[in-house]
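Take a look at the structure below.
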Amino acid sequence: MRRYSEEVKRFISENVRGITTKDLAALVNAEFGLDFTESKMKAYKTNHGLKSGRRGIPAGRPSKLYPDNVKDFIKANHKGVGPKEMAKLLNEAFGTNYTHSQMKAWYDRHKLNSGVTGYFPKGNIPFNKNKKGVFLGGEAAEAAQFKPGHKAWNWVPVGSERVNADGYVDIKVDDGKLQKNWKGKHIVIWEAANGPVPPGHVIIFGDGNNRNFDLDNLILVSRKQLVRLNQCNLIQNDIELTKTGIIIADISNKIGERKKKRINAHNVKNVK
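Under our numbering, the letters of the sequence shown match residues 33 to 304, in that order.
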């Protein structure tokens, strides 16, 4: 029988109540990098006299596998991010081990649409192939199509501003397609001075005011840093305090990484 560290045993005992055996196995694997299956976890619970109690998660209680901070992160960042990429982001930000299939199931259960999954089935020929713009069909509809050079009634020139659904100011940067026409004003200003935002990073407002576009108030942070900043409420209404918060976030992330390495090393040693 495999021996587990006291920390693993304690973690299982503390989290066994109100969670299914399958979810408990996934939770422990994500936390410690182990390989529990549902059957292995069931055997472990039986051998140690542990019971989950009522099947499933009690009403109103956050899932241990998907705590509130993880759920908030998914909901805030799922647009334009498919399940596979989301799993990667979460694992980088939280040090977890979510899989593509787990994220796909979560997206489906919560009816989240990333906007990047639509495609024509193989062999299907779109009805508007080789036609520009929206084609409705029929002679009357053909006559109603936009003519070359015609602009939609809601067209605005490049450089125009708008406030998006999240309350941030966007700037129109192109006359291309859909949302790619628009970019956050704070991002445009930062990139004008520093170049493109690196992958896996975002721009935050140092004083928490999303209308203060002073370049000194715009700070580049990684998504991993952002998660910790939000978790610990480290984005303040003072830029210097927020910069200090970023340092604290980095220290906290380092501590978490070292702790996970020690646990994994201990588990490997026990296996041997």
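Backbone N, C-alpha and C fix where the C-beta goes; we use that ideal spot for every residue, glycine too.
Report yes or no: do the region 67 to 76 and the region 103 to 112 share at least 3 C-beta pairs separated by less than 8 Å?
no
Pop quiz: D202 and K217 are said to be a contact at Cβ under 8 Å. What is the actual Cβ separation, rounded to whole angstroms?
With a beta-carbon spacing of about 6 Å, D202 and K217 fall inside the 8 Å limit used to define contacts.
Determine the direct distance from the alpha carbon of R42 to that of N123, and round the result to whole angstroms.
23 Å
Taking a contact to mean a Cβ-Cβ separation below 8 Å, would you say Y200 touches N249 in this structure?
no
Are the CB atoms of K270 and D239 nearer to each other than 8 Å?
According to the sequence displayed, residue 270 carries Asp and not Lys. In this structure, D239 lies closer than 8 Å to D270 by Cβ.
Could you check how far apart the C-beta atoms of I280 and V253 are, in whole angstroms? I think they sit under 8 Å.
With 8 Å as the limit, I280 and V253 do not qualify as a contact, their Cβ atoms being about 12 Å apart.
I'd like the ranges of any alpha helix (DSSP H) spanning at least 4 consecutive residues and lying wholly in the region 99 to 145.
Runs found: 100 to 109, 115 to 126 and 132 to 141.
What is the DSSP secondary structure of I203, counted as helix, strand or coil?
strand
Quick check: the Cα distance between Y98 and D67, rounded to an integer number of angstroms?
Cα to Cα, the separation comes out at about 19 Å.
When the Cα atoms are used, what is the spatial distance from R34 to S133?
28 Å
With C-beta atoms as the reference, is G114 less than 8 Å away from S146?
yes
Do V220 and A125 have their CB atoms nearer than 8 Å?
no
Applying the criterion that 16 or more other CB atoms from any shown protein chain within 10 Å of the CB defines a buried residue, is T274 buried or exposed?
By the C-beta density criterion, T274 is buried, having at least 16 other C-beta atoms within 10 angstroms.
By DSSP, does L250 sit in helix, in strand, or in coil?
In the three-state reduction of the DSSP assignment, L250 falls in the strand class.
Taking Y130 as the reference, which of A224, R290, V229 and F64 has the closest Cα?
F64
Over the uninterrupted alpha helix (DSSP H) stretch that includes R194, give me the two end residues.
First-last for R194: E193 to V195, but that is the beta strand (DSSP E), not the alpha helix (DSSP H).
What residues in its chain sit with their C-beta under 6 Å from that of Y139, if we drop five residues either side in the sequence?
P115
Please state the DSSP three-state secondary structure of G288.
Three-state result, G288: helix.
In its own chain, which residues sit with a C-beta less than 6 Å from the C-beta of V198, not counting the 5 before and 5 after it?
According to the sequence as given, residue 198 is Asp; it is not Val. So the list is empty, once near-sequence residues are dropped.
Going along the chain, which residues of its own chain have a beta-carbon closer than 6 Å to the beta-carbon of N296, five neighbours each way excluded?
Correct list, in chain order: G65.
What first and last residue would you give for the alpha helix (DSSP H) that runs through W222?
K217 to N226
Using the Cα positions of K292 and G277, report the straight-line distance between them to the nearest angstrom.
Between the C-alpha atoms of K292 and G277 there is a straight-line separation of about 22 Å.
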